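Below you'll find the structure, written out as structure tokens, and then a few comments.
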Amino acid sequence: MAMNMGNFWRTAAVTMAFTALQGMALAATAYPDRPLRLIVGFPPGGAADTLGRIAAQQLTDRLGQQVVVDNRGGAGGLIATEIAAKTGADGYTLLFSSIPHVINPHLRKVSYDAIRDFIPVVQFVAVPLMMASAPSFPAKSVRELIDYAKANPGKVNYGSAGSGSSSHLAVELFKSMAGLRMEHIPYKGTGPLVTDMLGGRIGLTIASAVPLSPQVKSGKLRGLAVTSPKRSAAFPELPAIAETVPGYEVINWFGIFAPAGAPVAAVNRLNKELNAALGSPELIKLLNARGADAAGGSSADFLRVVKADYAKWAKVVKESGARVD
Numbered sequence: 002m003a004m005n006m007g008n009f010w011r012t013a014a015v016t017m018a019f020t021a022l023q024g025m026a027l028a029a030t031a032y033p034d035r036p037l038r039l040i041v042g043f044p045p046g047g048a049a050d051t052l053g054r055i056a057a058q059q060l061t062d063r064l065g066q067q068v069v070v071d072n073r074g075g076a077g078g079l080i081a082t083e084i085a086a087k088t089g090a091d092g093y094t095l096l097f098s099s100i101p102h103v104i105n106p107h108l109r110k111v112s113y114d115a116i117r118d119f120i121p122v123v124q125f126v127a128v129p130l131m132m133a134s135a136p137s138f139p140a141k142s143v144r145e146l147i148d149y150a151k152a153n154p155g156k157v158n159y160g161s162a163g164s165g166s167s168s169h170l171a172v173e174l175f176k177s178m179a180g181l182r183m184e185h186i187p188y189k190g191t192g193p194l195v196t197d198m199l200g201g202r203i204g205l206t207i208a209s210a211v212p213l214s215p216q217v218k219s220g221k222l223r224g225l226a227v228t229s230p231k232r233s234a235a236f237p238e239l240p241a242i243a244e245t246v247p248g249y250e251v252i253n254w255f256g257i258f259a260p261a262g263a264p265v266a267a268v269n270r271l272n273k274e275l276n277a278a279l280g281s282p283e284l285i286k287l288l289n290a291r292g293a294d295a296a297g298g299s300s301a302d303f304l305r306v307v308k309a310d311y312a313k314w315a316k317v318v319k320e321s322g323a324r325v326d
């Protein structure tokens with residue numbers, strides 16, 4: 002009997018589609034089949050590098066493939082982000098970035114779109130900044146600082162890790178919400194800032210908790226508060242600024258991004274493995290010891306954070322007139 006050609010082609014089409022789906026499923030289950038590269042936008046030895054290497058090791062352990070850290074420091078993470086944006090979206094090159102990802106586009110011309118050109122894979126940690134003062138500074142709490150600054154408008158200086166840094170903009174947001182006038186003294190990084198605070202040459206800052214924490218714990222500097230919306234697990238003894246200034250929040254998140262167009266299966270696998278890792282009490286303890294709170298969540302959760310912070314810092318930069326050095 003002659004075969005009905007219509008049935009033949011329908012059967013062939015179904016067979017080919019099924020075969021293609023099998024191939025796609027196989028490719029998904031095989032990912033990754035070679036080492037991955039994690040681009041970190043800061044030099045070795047700093048907080049971003051330390052956290053990036055922890056994330057890379059967790060992925061290495063769980064994926065069964067080496068995740069190699071590639072440090073591309075410079076311009077507050079801008080260089081690394083531009084490199085990642087131009088890299089093939091195959092799921093094998095990733096970016097470990099932080100809040101400058103959404104601040105840089107408002108401070109300078111960039112060659113990428115922080116939202117459209119990247120897929121937020123997962124937020125790895127949330128790192129609150131710390132408000133700290135020299136022991137000689139007259140205010141010993143956020144409330145006392147506000148009262149003192151209002152009584153002495155324009156006479157209180159604060160230091161930051163640099164013009165346009167999250168350290169700088171965190172204080173500008175605080176000034177705006179508390180109705181204060183304070184003068185900005187920019188430094189070239191947190192290291193020189195901390196040195197001058199220890200020497201009594203600058204009295205106040207909001208900066209990364211990682212370099213400030215040892216000085217606060219030793220009593221050489223005074224911790225006043227953290228910038229998270231509530232007390233941080235990493236610094237439970239410090240109040241949140243929001244307890245005095247409702248609604249104040251600055252979180253220097255760190256997370257993993259993939260270039261836009263990366264396979265959905267790869268993004269889902271990476272998200273799944275890092276969320277599993279972030280549920281480990283040992284990893285949570287390790288991160289807390291470095292001033293970070295474990296985060297996690299879905300890719301969509303991280304995208305909401307990125308979009309909200311993009312809009313938030315656009316407003317702060319515009320209102321403060323912040324510029325990069």
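Quick note, the working numbering runs 1 ahead of the 1-based positions in the sequence shown. A virtual CB, placed ideally from N, CA and C, is assigned to each residue, including glycine. Predicted, not measured: the structure shown is a model, and the values here were computed from it.
The secondary-structure analysis by DSSP pairs Ala-295 across a beta bridge with Val-126. When only Cα atoms are considered, Ala-278 and Ala-179 end up about 39 Å apart.
Looking at the backbone, the Cα of Ala-127 and that of Phe-303 are separated by about 11 Å.
Sequence-distant Cβ neighbours of Ile-104 in its own chain, meaning closer than 6 Å and more than five residues away, are Trp-314. Taking all protein chains in view, the Cβ of Glu-184 is surrounded by fewer than 16 other Cβ atoms within 10 Å, so the residue is classified as exposed. Residue pairing from DSSP leaves Phe-236 without any beta-bridge partner. Listed in chain order, the beta strand (DSSP E) elements of length 3 or more contained wholly in the stretch 127-166 are 158-161.
Look at Pro-187 here: in three-state DSSP terms it is strand. Per DSSP, Thr-51 is one residue of the alpha helix (DSSP H) stretching across 48-64.
Apart from sequence neighbours up to five positions away, the residues of its chain that approach Ile-100 with a beta-carbon distance below 7 Å are Ser-167, Asn-253, Trp-254, Asp-310, ordered along the chain.
Excluding five sequence positions before and after Glu-173, the CB atoms of its chain that fall closer than 7 Å to its own CB belong to Val-317, Ser-321, Ala-323, given in chain order.
Between Leu-96 and Val-68 the beta-carbon gap is near 12 Å, outside 8 Å, which marks them as no contact. Distance from Ala-150 to Asp-118 at the Cβ level is roughly 40 Å; contact not present, criterion being Cβ atoms closer than 8 Å. Per DSSP, Arg-38 is one residue of the beta strand (DSSP E) stretching across 37-41. Judged by their CB atoms, Leu-239 and Ala-226 are nearer to each other than the 7 Å cut-off.
A Cβ-Cβ distance of about 7 Å is found for the pair Gly-204 and Ser-137, placing them in contact under the 8 Å criterion. By DSSP's assignment, Thr-206 forms a beta bridge with Ala-133, Gly-160. From the listed residues Gly-65, Met-131, Pro-260, the smallest Cα separation to Pro-215 is found for Met-131.
Annotated three-state conformation of Ile-257 is strand, per DSSP. Remark: C-beta atoms of Gly-292 and Ala-162 do not approach each other more closely than 7 Å.
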